[in-house]
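Numbering (the numbering used here), first residue to last: -1 to 191.
Note that beta-carbon positions come from the ideal geometry of N, C-alpha and C, so glycine has one too.
Since the structure comes first, as structure tokens, the remarks are kept for the end.
Below you can see the structure in the form of structure tokens.
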């Protein structure tokens, strides 16, 4: 069974969660002091020092998808986590330099190294293109939950940790909703490895 990227409503839900996090003071590299009466109102994100408000975790969740709807068709600039300069051509593949299996204290991990073009890509289908590159390099990566972890890193790690050398994806992590994936810093079910 092939596991491919979801589109449409999932992307909209992630966008809504991001906007809520920014509006509520999340995504800051400095921990904020809780205001009187909001003790415990934030939850740490394990991939960085940023905090995501628990309100983001309370967004209604959808059941995880095993197969996505067809690819959406919209302007490439709408997915732009790291836009290139106006007028310059968009980055082109390869978006992934390497994908190799490694061991951690928690189990096996797939270390995905994005290329410079992958760190700067902004087109609608670039994440899918990059995922196909990963699966071409490591066919076993096409297993439940791995695309979702990759997509989370593609979307958020490039913004929050643009110089992170590798993105670690683990087949032992549970398949979760996009909201929970974001709330757990792209690492559901355990710490970042």
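With a cut-off of 8 Å, do at least 3 Cβ pairs link the stretch 109 to 116 to the stretch 84 to 100?
Of all C-beta pairs linking the stretch 109 to 116 to the stretch 84 to 100, three or more are shorter than 8 Å, placing the two stretches in contact.
Hey, would you say residue 155 sits closer than 7 Å to residue 132, going by beta carbons?
Here residue 155 is not near residue 132, since their CB atoms are 7 Å or more apart.
Would you tell me roughly how many angstroms separate the C-alpha atoms of residue 149 and residue 186, rounded to the nearest one?
Between the C-alpha atoms of residue 149 and residue 186 there is a straight-line separation of about 13 Å.
Where the beta strand (DSSP E) containing residue 109 begins and where it ends
In the DSSP assignment, residue 109 falls within the unbroken beta strand (DSSP E) covering 106 to 112.
Spell out the partners DSSP gives residue 143 in its beta bridges.
DSSP output for residue 143 lists no bridge partner at all.
Here's a check: name, in chain order, each residue in its chain whose Cβ is nearer than 7 Å to the Cβ of residue 127, leaving out the five neighbours to either side.
Taken in chain order, the residues that qualify are 91, 93.
Mapping DSSP to helix, strand and coil, what is residue 120?
It is coil, neither helix nor strand.
Whole-angstrom distance between residue 121 and residue 168, CA atom to CA atom
Residue 168 and residue 121 have their C-alpha atoms some 26 Å from each other.
To the nearest angstrom, how far is it from the Cα of residue 183 to the Cα of residue 191?
Residue 183 and residue 191 have their C-alpha atoms roughly 12 Å apart.
Length of the line joining the Cα atoms of residue 157 and residue 136
So the alpha carbons of these two residues sit roughly 25 Å apart.
Extent of the continuous beta strand (DSSP E) run through residue 97:
It spans 94 to 101 - the beta strand (DSSP E) in which residue 97 sits, taken as one unbroken run.
Mind checking which residues open and close the beta strand (DSSP E) that includes residue 165?
Its beta strand (DSSP E) spans residues 165 to 167.
Among 119, 181, 179, 139, which residue has its Cα nearest to the Cα of residue 86?
When 119, 181, 179, 139 are compared, the shortest CA-CA separation from residue 86 is found for 119.
Quick check: residue 143 and residue 106, are their CB atoms within less than 7 Å of each other?
The beta carbons of residue 143 and residue 106 sit no closer together than 7 Å.
Roughly how many angstroms lie between the CA atoms of residue 177 and residue 188, to the nearest whole one?
Residue 177 and residue 188: Cα-Cα distance of roughly 16 Å.
Determine whether the beta carbon atoms of residue 125 and residue 145 lie at a separation below 7 Å.
Result no, Cβ atoms of residue 125 and residue 145 do not sit closer than 7 Å.
Count the other CB atoms, across all protein chains shown, that sit within 10 Å of the CB of residue 116; report buried if there are 16 or more and exposed otherwise.
The residue is buried, with at least 16 neighbouring Cβ atoms inside 10 Å.
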